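Everything on this sheet refers to the single structure shown next.
Number of protein chains: 2
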Amino acid sequence: MTEDARDEVDRLVAAWRAERPDLDVEPLQVLSRVSRLARHLDRARRAAFAEHDLEPWEFDVLTALRRAGKPYELSPGALLRATLVTSGTMTNRIDRLAAAGLVRRRPDPEDRRGVLVSLTDTGLGRVDAAFADLLRRERELLSGLGDEDRRTLASLLRTLLTPFDSPPDPHRPGRGHDHSE
Amino acid sequence: MTEDARDEVDRLVAAWRAERPDLDVEPLQVLSRVSRLARHLDRARRAAFAEHDLEPWEFDVLTALRRAGKPYELSPGALLRATLVTSGTMTNRIDRLAAAGLVRRRPDPEDRRGVLVSLTDTGLGRVDAAFADLLRRERELLSGLGDEDRRTLASLLRTLLTPFDSPPDPHRPGRGHDHSE
DNA sequence: GTGTACTGTCTTGACATCGAGATATCTCTC
DNA sequence: GAGAGATATCTCGATGTCAAGACAGTACAC
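Quick mapping for you: the protein sequence lines, in order, are chains A and B. Residue numbers for the first sequence, in UniProt numbering: 1 to 181. Residue numbers for the second sequence, in UniProt numbering: 1 to 181.
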């Protein structure tokens, strides 16, 4: 057989080539794998967090606060930008996290429209434990790659990600050449 | 070398290093990028399909049928394995696709428990148009990489994906949690 | 100050998904 | 050919998310 079919995407690409030999389906080799891998990752994360009684969405929020450092406090706006969800979703998340005693809400003393969300001691302990566990498991998932390959992979992924994260104007995602400074 | 912060993940990793210098957060360089990229990809796909009046979930199902070739017919079970969703979700999806006239359901003549789902002519035309469009856009997203890099990236991603796709547990994708209890 | 535009957060309704269980059928063993 | 267990699909309730819009407060011009 010509096809190795080492993973589902190899099979998928082979099927497309048989059905539509007129199309260049190479992009799927990368992007379908990204999607499927993300899906599997979600599952793995869910399993990791279950031991700490956390849902992935809870972890996402707690983690953003944890990374902020010292007072572990951010506005809902900052949180939604960090987690790529909408404002309605973030309100809902904060409500439930507060009800669970993992975060606390207080009015922003400097902007009366605003709110500040901070980790409780419980939340801090929980997120630190879950994060350490997550890293352990992620390291496991990556164990098939050597250090060199892992760095290469990270770098290539960054190239794809940069146009999404930095320029608010995705005009020509061609050769990255937009200089801000 | 300090952090360049070329994308959000670089910033995220830098923040973790400042907060938890005791932890090795290297895995995030790869896996956080995979998650975030998948998220952005979903958005891009949604935009591409909107022109063809298709939702991403509709495309996923139609595409699986299209790849099957010739009679463009598969069982719900085969479809849910191809799309990584649960059986309840697949039933719902088929219902709505049938209502939209994009697929057709008929009893499996060889297994009275079973059902066979096939593309209608409308469905076939729609998925072919949308797929060509998707490939165009995906190629655009990948234009920052040369052929060599793209192949390298695909290969590295496959290495990560293989253990998920081939292990001796090719069962339902919906294993929420395992572990004996 | 008053008006206008903008910003930050919350509310609401629709919806796709999951998980667990129900039902019907098939397969295999005795 | 009867029973046990596996398999295929569907049903149902709960949930997390989004999109759009409501509302309060801020910033700046005049």
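Where a beta carbon is used, it is the ideal one built from N, C-alpha and C, also for glycine. From a predicted model like this one, the values you see are computed outputs, not experimental measurements.
{"query": "Residue environment, G114/B, which counts as buried when at least 16 other CB atoms sit within 10 Å", "result": "exposed"}
{"query": "Straight-line Cα distance separating V61/B from R106/B", "result": "16 Å"}
{"query": "Amino acids of chain B, ordered along the chain, whose beta-carbon sits closer than 9 Å to that of R158/A", "result": "R6, D7, V9, D10, Q29, R33"}
{"query": "Residues of its chain near V103/A, where Cβ-Cβ distance is below 8 Å and the 5 sequence neighbours each way are ignored", "result": "V61, L62, L65, I94, L97, V117, S118, L119, T120, G123"}
{"query": "Assigned secondary structure, P109/A (DSSP; H/G/I helix, E/B strand, else coil)", "result": "coil"}
{"query": "Extent of the continuous beta strand (DSSP E) to which L119/B belongs", "result": "115-119"}
{"query": "contact_flag[the region 145-155 of chain A, the region 20-32 of chain B] where n(CB pairs < 8 Å) is 3 or more", "result": "yes"}
{"query": "Chain A contact for E138/B (CB, 8 Å cutoff)", "result": "yes"}
{"query": "The region 141-148 of chain B contacting the region 11-18 of chain A, beta-carbon criterion three pairs below 8 Å", "result": "no"}
{"query": "Inter-residue Cα distance where the pair is L160/A and R150/A", "result": "16 Å"}
{"query": "Cα-Cα separation, E51/A to R126/A", "result": "11 Å"}
{"query": "Beta-carbon contacts of R45/A that lie in its chain and below 6 Å, excluding the five residues immediately before and after", "result": "P56"}
{"query": "Beta-carbon proximity check, A99/A vs V34/B, cutoff 8 Å", "result": "no"}
{"query": "Contact with chain A by P21/B, beta-carbon distance below 8 Å", "result": "no"}
{"query": "Simplified DSSP assignment, three categories, for E8/B", "result": "helix"}
{"query": "Contact check, R67/A vs L12/B, beta carbons under 8 Å", "result": "yes"}
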